[in-house]
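J.: Mapped onto my numbering, the consecutive letters of the sequence shown carry residue numbers -10 to 70.
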Amino acid sequence: NAAALTGKLASINNICPVTGLAVDPAIAPVMVEIMVITPHEFLAVGIANAAAAESVRQNPDRYAPAARNNRQARSSTTVGE
């Protein structure tokens, strides 16, 4: 694939799990380790910007499932309450 040809790791998603925006292909995916299963699983999570990358690094258990489902993570707050 194109990612292999350019030497870049391909992300599992094309929607940023933090922002809901399209993943920026110029930014390297964030590698996260999911420890819920054995053996541990490593995922390349695509992100839209540097702030999103930091959010994924700080809370991979929140954002990795959303990345796997190619959507934005649901907010922990409800609008209108």
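Ideal Cβ placement from N, Cα and C applies to all residues, glycine included.
Computed from a predicted model, the values in this text were never measured in an experiment.
Return the residue from the list Ile1, Pro6, Leu(-2) that minimises the CA-CA distance to Ala73.
T.: Since the displayed the chain opens at -10 and closes at 70, residue 73 lies outside it and no answer follows.
J.: Between which two residues does the beta strand (DSSP E) carrying Ala33 extend?
T.: First-last of the beta strand (DSSP E) with Ala33: 30 to 34.
J.: Hey, quick one: how far does the beta strand (DSSP E) through Val19 stretch, first residue to last?
T.: 19 to 23 is the span of the beta strand (DSSP E), which, as asked, contains Val19.
J.: Are Arg46 and Ala62 touching if we call contact CB-CB under 9 angstroms?
T.: Contact: no.
J.: Whole angstroms are fine: how far does the CA of Ala42 sit from the CA of Val19?
T.: Rounded to whole angstroms, Val19 to Ala42 spans 6 angstroms at the Cα level.
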